[in-house]
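Numbering-wise, the sequence shown is residues 3 to 612 according to our numbering. The beta carbon of each residue, even a glycine, is placed where N, CA and C say it ideally should be. Have a look at the structure below before the remarks.
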Amino acid sequence: RGMAISGAIVFLLVWLVNYLESRSLTDSLLKGLTLAMSVLPEEIPVAFTTFMALGAWKLMSEGVIIKRSSVVETLGSTTVICTDKTGTITENSMRLKALFDYKSNQVFDEERFNAPELSELIEFAMWSSEPVPFDPMEKTLHKVYEETQTSDQRKDFQMIHEYPLEGKPPMMTHIYENNSGERIIAAKGAPEAILAVSQLTENEKENLRLQIQKFGKQGYRVLGVAKCDFKGNNFPEKQQDFKFEFLGFTVFYDPPKQNIQQVFRKIYDAGIKVKVITGDNADTTNAIAQQAGIKNNSPAVNGAEITHQSEAELMALSNETTLFTRMFPEAKLSVVNALKQSGEVVAMLGDGVNDAPALKAAHIGVAMGNKGTEIAKAAAALVITNDDLDKLILGIEAGRRIYTNIKKAIQYIISIHIPIILTVSLPLFLGWIYPNIFTPVHVIFLELIMGPTCSIVYENEPIEKNAMQQKPRKMTETFLNWSELSISIIQGLMITAGVLFAYQLAVQNGASEETTRAMVFTTLIFANVFLSLTNRSFTYGLFESFKNKNILFPLIIGATLVLLFAILYIPVFSNFFHVSSLKLKDLGVALLIAMVSVLWFEGYKGIKRR
C-alpha cells in the first residue's frame with residue numbers, strides 16, 4: 003500500500019514535470035506510466051500465491067495432502083507436535099500378546115491360547131466387540147475366537163442392546179440374545195473402568211492393579227473383560243449399573259514404528275517439542291515413549307486431572323508435561339488450546355474420532371490417511387497418505403524452505419525496484435541531458451525477467467544447510483524486519499549508484515542517447531543477474547550457493563543474456579528499444595560496474611559469518 007501511494011505521487015510528479023517541458027499530455031502520461039510500472043511491486047502477491055501453491059503441489063507428490071495452501075508456511079513455524087500414540091507412534095497392529103485369566107490367576111502367552119481355562123474370557127472378549135469389527139483390537143479378538151472355540155455361535159445370537167464406548171475412562175457393553183431366549187451380556191474397556199463395575203473386594207482390585215501396572219511397564223495395552231447375568235427386560239440407563247463378574251485381561255502389544263526414533267530425533271534437532279496425548283494408561287504410554295525415543299522428564303498427567311485446572315494452571319501444566327494419558331476429546335482440546343494460548347504453534351496428529359476436536363483447534367491438524375477415520379481426515383488441515391510420521395518432517399522442512407525463499411524473493415524485488423525507480427526519475431528531476439532514459443518497453447522487459455525470477459526460480463531453491471537445526475521462527479514476528487529491509491534498500495541504492503555512474507561515464511565520453519541508454523540498460527541487466535545469484539543466500543557465499551542445485555537459475559539467466567544481446571545487436575530489436583550496439587570494451591565496463599555494485603554484499607556476508 004505504501005509503495006502504491008508512493009507510486010501514485012511520483013507518477014503525478016513525473017507527469018507534471020514532463021508536461022511542463024513538452025506540453026504533450028499523451029507523451030507525459032506515458033512517461034509517468036513508466037515510473038508507475040517500476041514502483042508497483044506486483045510480483046509480491048504473485049510470489050506469495052505461487053510459493054504456497056507449488057509448495058502444496060510438491061508435498062502432495064510426497065504423500066502429504068494440504069487442504070489450505072497457507073498451511074505450508076505455518077508448518078515451518080511449528081513449535082510443538084502433539085501426537086496420538088496408537089497408529090501414529092505405533093504400528094496399530096494390535097497383536098494379542100497374552101491373556102490373563104482371573105479365575106485361574108494365570109497369564110497365558112500366545113502359544114497357550116487354546117487352554118480350556120481361557121474359553122470364557124476369549125468368548126466374552128469377542129462378544130464385547132462389534133459384530134462386524136473395524137478396530138484392529140476387535141479384529142484380533144474375532145480371529146482368536148475363530149481359532150480357539152470348538153463351535154462358532156456368532157450366527158445364533160443377535161445384538162438386542164448396545165451401550166457404546168463412553169465414560170472416563172471408557173468401557174462398552176453389548177447384549178445379545180438367541181431364539182431360545184438365552185442372553186449374553188459382555189463388557190470390555192479400560193481396566194480401571196471394568197474393575198470399578200466388577201463385584202470385587204478392594205484387596206482383589208489392588209492385586210489386579212499391580213498386574214495392570216506390570217503389563218503397562220512392558221508397553222502392553224490392557225483391556226478388562228467382564229460378563230453379567232441380567233434376567234429382566236428393563237435394562238439400566240447406564241452400563242455401569244450392571245453387576246459385572248470380572249473375567250480377566252486381554253493384553254495387546256502395538257510396537258512403535260520401525261523408523262520412529264529417527265523421526266523424533268529430527269523433530270528434536272529442529273527445536274520442536276513433542277507431547278503425547280493418548281487414551282491409554284500412563285505405564286503403557288511411558289514404555290512406548292521410551293521405546294520411540296521421546297524425551298520425558300516429568301510424570302504423566304491423567305485426563306481427569308485436566309478438567310479441574312484453571313486456565314493459568316493448565317497453560318503451565320501443558321508446557322511442563324510430555325505425556326498426557328487417559329485423555330478424552332474435551333481434555334485433548336483443552337491441552338491444545340492451552341498450548342496455543344502459551345504462544346506455541348501447535349501441530350496435532352491423530353487418526354480417531356475422539357481426536358477430531360483437537361485436530362480442528364490446532365494451528366495444523368494432521369490426520370493419517372491410511373488408518374485414520376473419515377471424521378479425523380475431515381477435521382484436519384493436512385493428511386499424510388501413508389501414515390508415515392516422517393512425512394510431517396518433510397512438511398516442516400518445506401515450510402521453512404518456503405518461508406526463507408519468500409523472504410529472498412521479496413528482498414530481491416525490493417532491491418531491484420529501487421534502481422529502476424531512481425533511474426527513471428532522477429535524470430528527469432536533476433535535469434540531466436537525457437531525462438527519459440527508460441521508456442515503458444524497457445521497464446516491461448525488466449518486469450518480464452523479475453517476475454519468473456522471484457515467483458518460480460526462488461521457489462525452486464533447495465533448503466539451506468542447517469535450516470532444520472535452527473529453532474522455529476515465531477509466527478508473530480514481522481515478515482521483513484528493519485534490519486533485513488535496510489539491507490535490501492542498501493543493495494538497491496548501490497545498484498542505482500552503479501547504473502547512474504555508467505550513465506555519467508557514457509555521457510562524459512560523448513555517447514549519444516541510444517548508446518547511453520544501452521550502457522545503462524546493460525549495466526542494470528547485469529546487476530540484476532548478479533543480485534539474483536548473491537541473494538540465493540543471506541548467510542553463505544556465492545560459490546557455496548552454487549552447490550545448491552536449481553536448474554531454473556541457469557535457464558533464466560541464459561534466457562536473459564540471450565535476449566539482452568538480441569536487443570543490443572539485432573537491428574530490429576535495437577530500433578524498437580531505442581538502443582545502439584555496444585563495443586566489447588563497453589560491455590566489459592558495464593559488467594565490471596554491475597559486479598562492484600552488487601558483489602560487495604559477498605564481503606558483508608563473509609564478515610557476518612565470522
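Residue of the options minimising C-alpha distance to residue i
i, options, result
"Ser162", "Leu394, Phe237, Leu557, Phe102", "In the sequence on display, residue 162 carries Ile and not Ser. The option with the nearest alpha carbon to Ile162 is Phe237."
"Trp434", "Lys473, Glu463, Thr375, Val509", "Val509"
"Ala381", "Asn388, Ile366, Asp390", "Ile366"
"Glu466", "Pro454, Thr541, Phe523, Ala529", "Thr541"
"Glu184", "Lys190, Asp231, Asp154, Phe330", "Asp231"
"Ala58", "Gln264, Ala400, Glu148", "Ala400"
"Met173", "Glu125, Gly281, Glu307", "Gly281"
"Met521", "Gln472, Lys587, Arg538", "Lys587"
"Ala198", "Arg267, Thr498, Pro138, Phe246", "Phe246"
"Glu75", "Leu384, Glu164, Phe431, Leu594", "Leu384"
"Ala38", "Phe110, Val12, Leu394, Glu125", "Val12"
"Ile274", "Gly590, Pro437, Gly78, Arg403", "Gly78"
"Leu319", "Lys268, Ala340, Leu56", "Ala340"
"Ser582", "Val591, Pro331, Glu376, Thr517", "Thr517"
"Glu149", "Leu167, Ser121, His176", "Ser121"
"Tyr505", "Ala306, Ala592, Met470", "Ala592"
"Ala364", "Asn356, Leu507, Val337", "Val337"
"Cys84", "Val426, Leu351, Leu167", "Leu351"
"Leu18", "Pro135, Lys33, Gly4", "Lys33"
CB of residue i within 9 Å of CB of residue j, strictly
i, j, result
"Ala291", "Val303", "no"
"Ala8", "Asn20", "Sequence check: residue 8 is Ser here, not Ala. Taking 9 Å as the Cβ cut-off, Ser8 and Asn20 do not qualify as a contacting pair."
"Gln213", "Phe251", "yes"
"Tyr147", "Gln160", "no"
"Glu2", "Gly226", "Any question about residue 2 goes unanswered here, given that the chain covers just 3 to 612."
"Lys99", "Glu119", "no"
"Thr387", "Asn407", "no"
"Asp271", "Thr90", "no"
"Ala411", "Ile497", "no"
"Val109", "Val253", "yes"
"Leu563", "Ile527", "yes"
"Ala284", "Pro301", "yes"
Burial state of residue i, where buried means 16 or more other Cβ atoms lie within 10 Å
i, result
"Arg25", "exposed"
"Val347", "buried"
"Gly500", "buried"
"Val443", "exposed"
"Leu391", "buried"
"Arg611", "exposed"
"Ser63", "exposed"
"Asn530", "buried"
"Leu61", "buried"
"Leu2", "The chain is shown from 3 up to 612; residue 2 falls before or after that span and cannot be answered."
"Tyr571", "exposed"
"Gln343", "exposed"
"Ala333", "buried"
"Asn209", "exposed"
"Asn655", "A question about residue 655 goes unanswered here, because the residues of the chain that appear run from 3 up to 612."
Start and end residues, beta strand (DSSP E) containing residue i
i, result
"Thr252", "247–255"
"Ile177", "173–179"
"Asp103", "97–103"
"Asp357", "Asp357 -> no beta strand (DSSP E), and no H or E assigned at all."
"Phe326", "325–327"
Beta-ladder partner(s) of residue i, from DSSP
i, result
"Arg223", "Phe254"
"Met370", "Ile386"
"Ala189", "Thr175, Ala228"
"Lys275", "Val82"
"Asp111", "Ala100"
"Ile67", "Val385"
"Val338", "DSSP lists no partner for Val338."
"Asn304", "Thr327"
"Ser200", "Phe246"
"Thr92", "Pro258"
Beta carbon proximity, residue i to chain B, threshold 9 Å
i, result
"Phe545", "Structure shown: chain B not included; a single protein chain is present."
Extent of the continuous alpha helix (DSSP H) to which residue i belongs
i, result
"Ala349", "It is not in any alpha helix (DSSP H) - Ala349 instead sits in the beta strand (DSSP E) that spans 348–352."
"Phe567", "554–571"
"His444", "442–454"
"His144", "138–150"
"Glu635", "Given a span of 3 to 612 for the chain in the structure shown, any question on residue 635 remains unanswerable."
"Gly401", "392–431"
"Phe126", "121–129"
"Trp484", "484–510"
"Gly605", "586–611"
"Asp285", "284–294"
"Phe548", "Run containing Phe548: none; DSSP gives neither H nor E here."
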